[in-house]
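Peer 1:
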Amino acid sequence: MGLEQRPVSTLHERASFDVADFEVPTGREEEWRFTPLRRLRGLHNGTAEAHGKVIAEAVAAAGATVETVGREDPRLGRSFVPADRVSAQAWASFAQATIVTVPKETELTEPVVLRLRGEDASAASFGHTAVVLEPFARATVVLEHRGAATYADNVEFVVGDGASLSVIGLQDWDDDTVHVSYQHARLGRDARFVSHNVTLGGDLVRISPSVVYDGPGGDAELYGVYFADGGQHLEHRLFVDHDRPRCRSRVDYRGALQDADAHAVWIGDVVIRAEAEGTDTYELNRNLVLTDGTRVDSVPNLEILTGEVVGAGHASASGRLDDEHLFYLQARGITADEARRMVVRGFLGQLVERIEVPEVRAKVEEAIEAELDR
1 MGLEQRPVST LHERASFDVA DFEVPTGREE EWRFTPLRRL RGLHNGTAEA
51 HGKVIAEAVA AAGATVETVG REDPRLGRSF VPADRVSAQA WASFAQATIV
101 TVPKETELTE PVVLRLRGED ASAASFGHTA VVLEPFARAT VVLEHRGAAT
151 YADNVEFVVG DGASLSVIGL QDWDDDTVHV SYQHARLGRD ARFVSHNVTL
201 GGDLVRISPS VVYDGPGGDA ELYGVYFADG GQHLEHRLFV DHDRPRCRSR
251 VDYRGALQDA DAHAVWIGDV VIRAEAEGTD TYELNRNLVL TDGTRVDSVP
301 NLEILTGEVV GAGHASASGR LDDEHLFYLQ ARGITADEAR RMVVRGFLGQ
351 LVERIEVPEV RAKVEEAIEA ELDR
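Residues in the sequence shown are numbered consecutively from 1, following UniProt numbering.
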């Protein structure tokens, strides 16, 4: 496919478009040990019946082109190589793809909105999306996921030299949905990429954003908000591959959990290669546990192969509501329930307010209120 298929890190040792190059996961592998494989409905082992349906609808902004193409389109698969079996299966199985193109030096004044709606969770479906910003373009793209589905997909973000792309992914699926998604961002020289992933709905949702750089000066910011209820498994696995000099990355994901068997997983992997001098990176994950019976797994990883870095660090914290904060609010006449809501709103709101599209930000705020109403 035009990309060097080298091992990207000790935690991502394989890369191939061929499903047969990946063994069926058993759950003992590092990349699958937190995922309940029995709930994937065969997406990981090839037994899923691929006659489900996820409908894609696009609202294109003036200046952008949105196309539906067949899998033979040469613009597909140029920016990534699958690093696990489900990603390779999604690549091998999709029939049509959506390509969004923003021409050189074009600045969109409105977002491009892609709405994906599942119609049936009893059968699997596979998808592919590519967003291409040519040099010095600027755009915002919204990916909305709703309905019921068993769905695996790859999403490519190709950000040209000097271009700037902001992506907002909203996973607001029905309760019976399984969604395994891979988001591959490739940044050109002095390119900027900002990602917001908001994960609220679904039975099992596993989102894997990754960033690689094609030139120096690239800047990536990855933000995420999730709220897990009883029985939900929400997993986010991030990978940032610093293999060019003088690039920057920031990761900040925050989640809240409530009710029995709510499970959140966050894995943050950053590798700084020997040639990536001048790298500046930091990753952070925080989780707020609201009730007993929940589980959080948070694992930050740094692989540093050069001593010539501007900065490299990570932090992870999970804990309950602060009793002192609640007492302070209740002492001023605020009820216990409203005090709890205020703390959660403030905790998640620091990232929600970064969402640049007012309509999407309002939807997320409403969805968080609905979660708190439970």
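All C-beta atoms, glycine included, are put in the ideal place defined by N, C-alpha and C. Remember, it's a predicted structure, so these values are computed and weren't measured experimentally.
1) When you compare each of Asp176, Val205 and Leu165 to Gly188 by their alpha carbons, which one comes out closest?
2) Tell me Glu119's beta-bridge partners as DSSP assigns them.
3) Sort Asn287, Arg246, Val360 and Ala50 by Cα distance to Gly319 and report the nearest one.
4) Compute the distance between the beta-carbons of Gln89 and Gly70, then report whether it is under 8 Å.
5) Assess contact between the stretch 106–123 and the stretch 146–166, defined as three or more Cβ pairs (one per stretch) separated by less than 8 Å. Is contact present?
6) Just to confirm my understanding: we take Asn197, look at its own chain, exclude 5 residues before and 5 after, and list those with CB closer than 6 Å. What are they?
7) What's the C-alpha gap between Gly42 and Val113?
8) Helix, strand or coil: how does DSSP classify Phe347 here?
9) Would DSSP call Gln232 helix, strand or coil?
10) Pull up the CB-CB distance for Val158 and Val194, whole angstroms please, since I reckon it's below 8 Å.
11) Counting C-beta neighbours from all protein chains within 10 Å, is the total for Asp39 16 or more, i.e. buried, or is it exposed?
12) Output yes or no for whether 8 Å exceeds the beta carbon distance between Arg341 and Leu372.
13) Who are the near neighbours of Phe136 in its chain, counting only those whose CB is closer than 8 Å to its CB and skipping five residues on each side?
14) Please list, in chain order, all residues of the same chain as Arg248 whose beta carbon is under 6 Å from its beta carbon, the five residues on each side excluded.
15) CA-CA distance, Thr140 and Ala61?
16) How far does the alpha helix (DSSP H) with Ala62 in it extend, from its first residue to its last?
17) Please report the distance separating the alpha-carbon of Val47 from that of Ser93.
18) Let's see if you can read the secondary structure: which residues bound the beta strand (DSSP E) around Leu170?
19) With distances taken between CB atoms, is the gap from Thr294 to Leu351 smaller than 8 Å?
20) Is it right to say Glu4 is buried, meaning 16 or more other beta carbons lie within 10 angstroms of its own, or is it exposed?
21) Can you give me the C-alpha to C-alpha distance between Val24 and Glu338, rounded to a whole angstrom?
22) CB-CB under 8 Å to Arg6, same chain, minus the five flanking residues each way: which ones, in chain order?
23) May I ask which residues mark the beginning and end of the alpha helix (DSSP H) holding Gln183?
24) To the nearest angstrom, how far is the alpha carbon of His314 from that of Ala123?
25) By Cβ distance below 7 Å, which residues in the same chain neighbour Gly2 in space, the five residues on each side in sequence not counted?
26) At the level of alpha carbons, what is the spacing between Thr68 and Gly127?
27) Which parts of the stretch 69–102 are runs of the beta strand (DSSP E), unbroken and 3 residues or longer, counting only runs that do not cross its ends?
28) Straight-line CA distance for Thr177 to Val344?
29) Pop quiz: Asp259 and Thr291 are said to be a contact at Cβ under 8 Å. What is the actual Cβ separation, rounded to whole angstroms?
30) With 8 Å as the threshold, decide whether the Cβ of Gly333 is near any Cβ in chain C.
31) Considering only DSSP beta bridges, list what Phe193 is partnered with.
32) Tell me whether Ala362 is buried or exposed, calling it buried when 16 or more other Cβ atoms sit within 10 Å of its Cβ.
33) Nearest-angstrom Cα distance between Ile334 and Arg138?
34) Beta carbon of His242, beta carbon of Arg273: below 8 Å?
Peer 2: Inspection of the coordinates gives the following:
1) For the purposes of this step, residue 188 is taken as the residue at position 188 of the sequence shown. The option with the nearest alpha carbon to Gly188 is Leu165.
2) Counting from one through the sequence shown, the residue named residue 119 turns up at place 119. Residue pairing of Glu119 in beta bridges, as defined by DSSP: Ala148.
3) Counted from its first residue, the sequence shown places residue 319 at position 319. Selected option, being the one with the closest Cα: Asn287.
4) The residue you call residue 89 lines up with position 89 of the sequence shown. The residue you call residue 70 lines up with position 70 of the sequence shown. Note that the C-beta distance between Gln89 and Gly70 is not below 8 Å.
5) yes
6) Locating residue 197 in the sequence shown gives position 197, where the first residue counts as 1. For Asn197, where only same-chain residues beyond five positions count, the Cβ hits under 6 Å are Gly169, Ile207 and Gly224.
7) Along the sequence shown, read from residue 1 onward, the residue named residue 42 stands at position 42. Along the sequence shown, read from residue 1 onward, the residue named residue 113 stands at position 113. When rounded, the distance between both Cα atoms is 30 Å.
8) Counting from 1 along the sequence shown, the entry for residue 347 is found at position 347. In the structure shown, Phe347 sits in a helix (DSSP, three-state: H, G or I).
9) Position 232 of the sequence shown, counting from 1, holds the residue named residue 232. Correct three-state label for Gln232: coil.
10) Residue numbering aside, residue 158 sits at position 158 when the sequence shown is read from its first letter. Residue numbering aside, residue 194 sits at position 194 when the sequence shown is read from its first letter. Not a contact, Cβ separation roughly 15 Å.
11) For this step, residue 39 is matched to residue 39 along the sequence shown. The amino acid occupying residue 39 in the given sequence is Arg; Asp does not appear at that position. Arg39 should be labelled exposed.
12) Taking the first residue of the sequence shown as 1, we reach residue 341 at position 341. Taking the first residue of the sequence shown as 1, we reach residue 372 at position 372. Against a cut-off of 8 Å, the Cβ pair of Leu372 and Arg341 comes out as a contact.
13) On the sequence shown, position 136 is the one that residue 136 refers to. So the qualifying residues of the chain are Lys104, Glu105, Gly160, Asp161, Gly162 and Ala163.
14) The residue labelled residue 248 in the question sits at position 248 within the sequence shown. Only Asp219 and Asp280 meet the Cβ criterion.
15) Residue mapping note: residue 140 aligns to position 140 of the sequence shown, counting from 1. Residue mapping note: residue 61 aligns to position 61 of the sequence shown, counting from 1. For Thr140 and Ala61, the distance between alpha carbons rounds to 10 Å.
16) On the sequence shown, position 62 is the one that residue 62 refers to. That residue, Ala62, is in no alpha helix (DSSP H); it is neither H nor E in DSSP.
17) For the purposes of this step, residue 47 is taken as the residue at position 47 of the sequence shown. For the purposes of this step, residue 93 is taken as the residue at position 93 of the sequence shown. What sits at residue 47 in the sequence shown is Thr, not Val. Roughly 13 Å separates the two Cα atoms.
18) As a working note, residue 170 is residue 170 in the sequence shown. Segment Ser164 to Gln171, the beta strand (DSSP E) holding Leu170.
19) Residue 294 sits at position 294 when you count from the first residue of the sequence shown. Residue 351 sits at position 351 when you count from the first residue of the sequence shown. No, the pair does not count as a contact, with Cβ atoms beyond the cut-off.
20) Counted from its first residue, the sequence shown places residue 4 at position 4. For Glu4, the predicted model reports a pLDDT of 48, less than 50, meaning its position is unreliable; a value from the coordinates is still stated below. Burial call: exposed.
21) Residue 24 sits at position 24 when you count from the first residue of the sequence shown. Residue 338 sits at position 338 when you count from the first residue of the sequence shown. Looking at the two C-alpha atoms, the distance is approximately 47 Å.
22) On the sequence shown, residue 6 is found 6 positions in, with the first residue counted as 1. In this prediction, Arg6 has a pLDDT of 48, which is less than 50 and means its spatial position is unreliable; nothing more can be read from the coordinates.
23) If you number the sequence shown from 1, residue 183 lands on position 183. Looking at the DSSP string, Gln183 is not in any alpha helix (DSSP H); the run it does join, the beta strand (DSSP E), is Val178 to Leu187.
24) As a first step, residue 314 is located in the sequence shown; it is residue number 314 there, counting from the start. As a first step, residue 123 is located in the sequence shown; it is residue number 123 there, counting from the start. For His314 and Ala123, the distance between alpha carbons rounds to 39 Å.
25) As a working note, residue 2 is residue 2 in the sequence shown. Below a pLDDT of 50, predicted positions are generally treated as unreliable, and Gly2, at 47, falls in that range; no measurement from the model is reported.
26) Here residue 68 refers to the residue found at position 68 of the sequence shown. Here residue 127 refers to the residue found at position 127 of the sequence shown. Taking the straight line from one Cα to the other gives about 12 Å.
27) Within the stretch 69–102, the complete beta strand (DSSP E) runs of at least 3 residues are 96–102.
28) Against the sequence shown, residue 177 aligns to sequence position 177. Against the sequence shown, residue 344 aligns to sequence position 344. Computed Cα separation, rounded: 25 Å.
29) Translated into the one-based positions of the sequence shown, residue 259 becomes position 259. Translated into the one-based positions of the sequence shown, residue 291 becomes position 291. Asp259 to Thr291, Cβ: 6 Å. Contact.
30) In the structure shown, chain C cannot be found, because there is only a single protein chain.
31) Working through the sequence shown from its first residue, we reach residue 193 at position 193. Beta-bridge partners assigned by DSSP to Phe193: Leu165 and Ala220.
32) Here residue 362 corresponds to residue number 362 of the sequence shown, with the count starting at 1. Exposed: under 16 other Cβ atoms inside 10 Å.
33) Your numbering for residue 334 matches position 334 in the sequence shown. Your numbering for residue 138 matches position 138 in the sequence shown. Taking the straight line from one Cα to the other gives about 44 Å.
34) Along the sequence shown, read from residue 1 onward, the residue named residue 242 stands at position 242. Along the sequence shown, read from residue 1 onward, the residue named residue 273 stands at position 273. Against a cut-off of 8 Å, the Cβ pair of Arg273 and His242 comes out as a contact.
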